[in-house]
Amino acid sequence: MLAYVTLGSNNKEQALEFYDAVLGELGGQRVYANDRLQFYATGPGQPMIGIGGPYDGEAATVGNGVMPALSCKDRDMVDRAYKKALELGGTCEGEPGERMPTFYGAYFRDPDGNKLCAMYRMP
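Okay, so the sequence shown: first residue is -17 according to our numbering, each after it adds one.
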């Protein structure tokens, strides 16, 4: 159902370094760009994440209550993405762990303050 989500940045080059590495842990790669946004996806027809400045040209700010969840194939992938995010200047919003019997996740913020979740939906 989700086609794409965008996350604002006030330092696009730093943000792209962060997302190249963190999304790379999930099999994501750069797939499309325009003058404002760089998009990432895991393959053709898959949901995308766009990183860049807001359309209105104003400063990017963190949306209260906005939190994209990144799908992971297993617990190890959640752990790797979380660890990579912190290594690259992200901050912890919740260490990896089982949140309910079918959900394993970790929460972090990117260097611009955007909150993300790396999650694995267990069978």
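Where a beta carbon is used, it is the ideal one built from N, C-alpha and C, also for glycine. As the structure is a computational prediction, the values presented were derived from the model and not from experiment.
Coarse secondary structure for residue i, derived from DSSP in three states
{"i": "residue 13", "result": "strand"}
{"i": "residue 86", "result": "strand"}
{"i": "residue -4", "result": "helix"}
{"i": "residue 6", "result": "helix"}
{"i": "residue -15", "result": "coil"}
Sub-8 angstroms separation of residue i and residue j beta-carbons
{"i": "residue 85", "j": "residue 74", "result": "no"}
{"i": "residue 12", "j": "residue 35", "result": "no"}
{"i": "residue -16", "j": "residue 29", "result": "yes"}
{"i": "residue 42", "j": "residue 52", "result": "no"}
Through-space distance from residue j to residue i, alpha-carbon basis
{"i": "residue 81", "j": "residue 50", "result": "17 angstroms"}
{"i": "residue 60", "j": "residue 66", "result": "10 angstroms"}
{"i": "residue -11", "j": "residue 96", "result": "7 angstroms"}
{"i": "residue -4", "j": "residue 105", "result": "36 angstroms"}
Bridge partners - residue i, DSSP secondary structure assignment
{"i": "residue 101", "result": "53, 87"}
{"i": "residue -10", "result": "34"}
{"i": "residue 73", "result": "91"}
{"i": "residue 23", "result": "11"}
{"i": "residue 47", "result": "Paired residue(s): none; residue 47 is not in a bridge."}
{"i": "residue 80", "result": "86"}
Neighbour-count burial assignment, residue i, 16 or more Cβ in a 10 Å radius
{"i": "residue 1", "result": "buried"}
{"i": "residue 78", "result": "buried"}
{"i": "residue 7", "result": "buried"}
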